[in-house]
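Residue numbers (our numbering), protein chains in the order written: chain G, 339 to 452; chain E, 224 to 339.
All residues carry an ideal CB built from backbone N, CA and C; glycine is no exception.
None of these values were measured; they are calculated from a predicted model.
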C-alpha cells in the first residue's frame with residue numbers, strides 16, 4: 339500500500355528566502371513521486387517528478403526535490419522564494435506493482451511575504 | 224499543449240437535483256480521473272477510467288457515477304445532489320492505459336459546486 343504525508347499544512351516565508359516543503363511517503367514497491375502546484379482558482383500543474391533515474395530532480399520555476407530512500411522523503415526546495423510562488427503544493431506517490439493510481443498528500447499552502 | 228476542459232467553473236444546484244459535470248481532453252489520453260478537493264483533505268479520487276466504457280471506483284465513489292462513451296469525454300454524475308457534495312471537482316487525464324505509474328496527470332481548471 340502507498341501513502342504520502344505532507345508534514346506542514348502551511349509554510350510562510352519572506353520573498354528572497356529559501357523554501358522547504360516536506361513530504362514523506364510509504365510504498366511497498368519502487369515509487370514514482372511527483373510535486374504538483376495549484377495557483378488560486380486554477381487546476382494542478384506538474385512541478386517535477388522522480389521515476390527512478392537521478393535522485394535529485396529539477397523542475398520548473400527553480401524548484402527541485404531530492405529522493406531519499408533511506409528517509410522515505412521527497413522534500414521540495416527552492417533557493418529564493420518569489421511572490422508568484424504563493425500557491426498550494428501537493429506531493430503525490432504511485433507505485434509499480436501496486437494499484438498504480440496516484441495517492442495525493444493533503445497539500446501545503448505556501449505563503450510568501452513581501 | 225494538452226488541454227483538459229470542464230464544462231462549468233461554477234455551479235449552484237439544489238438538494239435532490241441530478242448534476243452532470245463534463246470533462247473533455249484533446250490529446251487522445253487513455254486514462255481519465257475525477258477528484259474532489261476539500262480544504263485540508265487534498266484530492267480524493269472518486270472514479271477513474273482507463274478506456275472507453277471502462278470505469279473503476281476510487282476512494283469515495285458513494286453518491287457518484289460516471290460515464291465514458293467516447294475517449295475524450297468523461298462525465299461525473301451526482302444522481303441526487305446533497306449538501307455534503309459541495310466541493311471543488313477536478314478532472315484529469317494521463318496518456319497511457321492501465322499499469323503505467325510514472326505518467327504526468329493533466330488537470331482541468333475545476334468546477335466549484337455549491338449544493339443548497
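Original post:
Thinking just about the alpha-carbon of each residue, which of G:360, G:353, G:405, G:356 is nearest to the one in residue 444 of chain G?
Top reply: Here the closest residue by C-alpha is G:360.
Original post:
Taking Cβ positions only, does residue 318 of chain E come closer than 7 Å to chain G?
Top reply: Cβ-Cβ to chain G under 7 Å: no for residue 318 of chain E.
Subject >> residue 232 of chain E versus residue 331 of chain E: straight-line alpha-carbon distance, rounded >> reply: Approximately 10 Å, taken between the alpha carbons.
Original post:
Under 9 Å Cβ-Cβ, which residues of chain C neighbour residue 328 of chain E?
Top reply: Absent from the structure: chain C. Protein chains present are G and E.
Original post:
For residue 389 of chain G, does the three-state DSSP call read helix, strand or coil?
Top reply: In the structure shown, residue 389 of chain G sits in coil (DSSP, three-state: anything other than H, G, I, E or B).
**OP:** Select from the region 261 to 274 of chain E all residues with a C-beta closer than 9 Å to any C-beta belonging to chain G, and list them in chain order.
**Re:** Cβ contacts with chain G come from 262, 263, 264, 265, 266, 267, 268, 271.
Original post:
Buried or exposed: residue 433 of chain G, going by 16 or more other Cβ atoms within 10 Å of its Cβ?
Top reply: Burial call: buried.
Original post:
Looking only at C-alpha atoms, which of E:278, E:262, E:316, E:306 sits nearest to residue 240 of chain E?
Top reply: Distance check between residue 240 of chain E and each of E:278, E:262, E:316, E:306 places E:306 closest, using alpha-carbon atoms only.
Subject >> Proximal residues to residue 345 of chain G (C-beta, below 6 Å), its chain only, five neighbours per side dropped >> reply: So the list reads 360, once near-sequence residues are dropped.
Subject >> 3 or more residues per run - each beta strand (DSSP E) lying fully within the region 255 to 280 of chain E >> reply: Taken in chain order, the complete beta strand (DSSP E) segments of 3 residues or longer contained in the region 255 to 280 of chain E are 265 to 272.
**OP:** Output yes or no for whether 7 Å exceeds the beta carbon distance between residue 269 of chain E and residue 288 of chain E.
**Re:** In this structure, residue 269 of chain E keeps its C-beta atom at 7 Å or more from the C-beta atom of residue 288 of chain E.
Subject >> Beta bridge counterpart(s) of residue 228 of chain E as assigned by DSSP >> reply: According to DSSP, which records beta bridges pairwise, residue 228 of chain E is partnered with E:247.
Subject >> Cβ of residue 331 of chain E within 7 Å of any chain G Cβ >> reply: Taking Cβ atoms only, chain G reaches closer than 7 Å to residue 331 of chain E, which makes this a yes.
Original post:
Among residues of its own chain, excluding the 5 on either side of residue 452 of chain G, which ones have a beta-carbon nearer than 6 Å to its beta-carbon?
Top reply: Excluding residues within five positions, the ones whose Cβ falls inside 6 Å are 353.
Original post:
Any idea which residues DSSP pairs residue 376 of chain G with across the strands?
Top reply: Per DSSP, the beta bridge partners of residue 376 of chain G are G:382, G:426.
Original post:
Going by DSSP, what residues sit across from residue 344 of chain G in a beta bridge?
Top reply: Residue 344 of chain G pairs with G:361.
Subject >> Residues near residue 342 of chain G in its chain [Cβ-Cβ closer than 6 Å; skip 5 each side] >> reply: Contacts found: 363, 429, 431, 441, 443.
Original post:
Counting only beta-carbon atoms, is residue 443 of chain G nearer than 7 Å to chain E?
Top reply: Yes, contact with chain E.
Original post:
Beta carbon of residue 454 of chain G, beta carbon of residue 393 of chain G: below 7 Å?
Top reply: Within the shown structure, residues of chain G are numbered from 339 to 452, placing residue 454 of chain G beyond reach of any answer.
Subject >> Contacts that residue 347 of chain G makes with chain E (C-beta to C-beta distance below 9 Å) >> reply: Ordered by position in chain E, the residues that pass the 9 Å Cβ test against residue 347 of chain G are 263.
Original post:
Count the other CB atoms within 10 Å of the CB of residue 412 of chain G; is the residue buried (16 or more) or exposed (fewer)?
Top reply: Under this definition residue 412 of chain G is a buried residue.
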